[in-house]
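Residue numbers (this note's numbering), protein chains in the order written: chain A, 1 to 124; chain B, 1001 to 1124; chain C, 2001 to 2124; chain D, 3001 to 3124.
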């Protein structure tokens, strides 16, 4: 298949609640960047995280193999530093090949889960 | 009416929960690709599904008649293979005429349903 | 202010549940097309609604005054015909001046409400 | 990093419910415009709010420092006037440097929260 996507993406919203109704990984409050690499070359992605009152964190480096998707949880980022909880952030993705990025939050602060999702902003 | 839409679309998010509070088809946990063909020619759409750790599935082939919408449930895909539950995936749609694609999940793992939706990523 | 927006928009998703936990208008299950006309000329908008198994309905005609927003409930459309409940649909908007369209559902089939929203697809 | 984003953005949906299940700021019903300024120059943003039946309010002026995100609550706008509750509105953002804008509502009218989010419409 031909490549589909763009090389730079931004997600302006970001917030991981510290509370969760469940300790089950699937139902833990989390935010995800779903990254599709539909092309035939590995995608090397550098992720930078922006905050309200400090310099950005990163780059975080992830690799998405050819013809694979990676649903990357911001909660799982560790290197160079974890994403703080209950904190406003944004993120920018830079890839060496075209990718598609979609943003999702599962929020389980209350007894019932709530979801949000949007395509990210693409450029380049 | 003139055609509206694009020929290639991608949805980076994909996840069908195996649990549902209800066995009513309307309230069963499901993901949908809503496909609008507003033009005067039939749309022949090939759908490829990407995973985290295996080669893609598909193509799945669906047809949308002229001036019709198809709300295609990923849960209903059977040929060449069903979409596994509780599994991260992404999808790419290739049509021979312009279409518009929007992605939706109804999640009823908990007692109350939760919804997410986004326009898909368009190209071509 | 300069105009902002496009003249043609499409929303591929559409579904108004017939059930609602409340008869309060605010909490009744509904879908809305939020239409912003930020320009200095009246927007004359023709709306066509597409279905899975019949010819489209419409055009429905709405007017958005200059520098105004109209949060149009699909539930409220009556002329030429109401939108059927529990039925898959899509919609296309054609305006004579640039507008911005966003789609929202409030779903109150269950005891708690659920929301979805996305920017519509723009063209022209 | 290079700049990412656009200078004009619009959000057609807008509605802040007056009711909330909790008086905790995090769980109060609110709408947010998440604004990312990934560039190296301060972003001076003018925000105009549109209504169904009166002239627009604003401009509201906010500043986003270089390499920072601002999750701006519409509930917090005070100057030149607060945003009325239970009222349909839309918003337009004009910045002197590229920014990225995403729209979110947390709705806690009922016992469980509900979320919606979408990338805003970009132009310029």
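Cβ atoms here follow ideal geometry from the backbone N, Cα and C, with glycine treated the same way. Note that the coordinates shown come from a computational prediction; the quantities given were computed from them, not determined experimentally.
Below 8 Å, too few C-beta pairs join the stretch 1041-1053 of chain B and the stretch 1104-1119 of chain B to call them touching: fewer than three. In this structure, the alpha-carbon of residue 2086 of chain C lies about 29 Å from that of residue 3120 of chain D. For residue 3073 of chain D, same chain residues with a beta-carbon under 8 Å away, outside a window of 5 residues either side, are 3030, 3031 and 3032 in chain order. In the structure shown, residue 2026 of chain C falls within a helical segment according to DSSP collapsed to helix, strand and coil. Spanning the alpha carbons of residue 1069 of chain B and residue 1099 of chain B requires a straight line of approximately 9 Å. Proximity of residue 57 of chain A to chain B, defined by a Cβ-Cβ separation below 8 Å, is not satisfied.
For residue 3050 of chain D, the beta-bridge partners assigned by DSSP are D/3090. Here the alpha carbons of residue 3083 of chain D and residue 3103 of chain D stand approximately 16 Å from one another. Under the three-state reduction of DSSP output, residue 2076 of chain C falls in the helix class.
The criterion of a C-beta distance shorter than 8 Å is satisfied by residue 108 of chain A and residue 27 of chain A. Rounded to the nearest angstrom, the gap between the Cα atoms of residue 40 of chain A and residue 2077 of chain C is 48 Å. One thing to note: residue 1012 of chain B has its Cβ within 8 Å of the Cβ of residue 34 of chain A.
No Cβ of chain C is located within less than 8 Å of the beta carbon of residue 94 of chain A. Residue 43 of chain A and residue 80 of chain A do not touch by the CB rule: their CB atoms are close to 20 Å apart, not below 8 Å. Residue environment analysis places residue 1023 of chain B among the exposed positions, since fewer than 16 neighbouring C-beta atoms fall within 10 angstroms of its C-beta. Looking at the DSSP output, residue 3031 of chain D bridges to D/3105. In this structure, residue 2097 of chain C sits near residue 2003 of chain C, with a CB-CB distance shorter than 8 Å. Assignment of residue 3004 of chain D by DSSP, reduced to helix, strand and coil, places it in the coil class.
The three-state secondary structure of residue 1116 of chain B, taken from DSSP, is strand. A Cβ-Cβ separation of about 20 Å leaves residue 3014 of chain D out of contact with residue 3036 of chain D under the 8 Å criterion.
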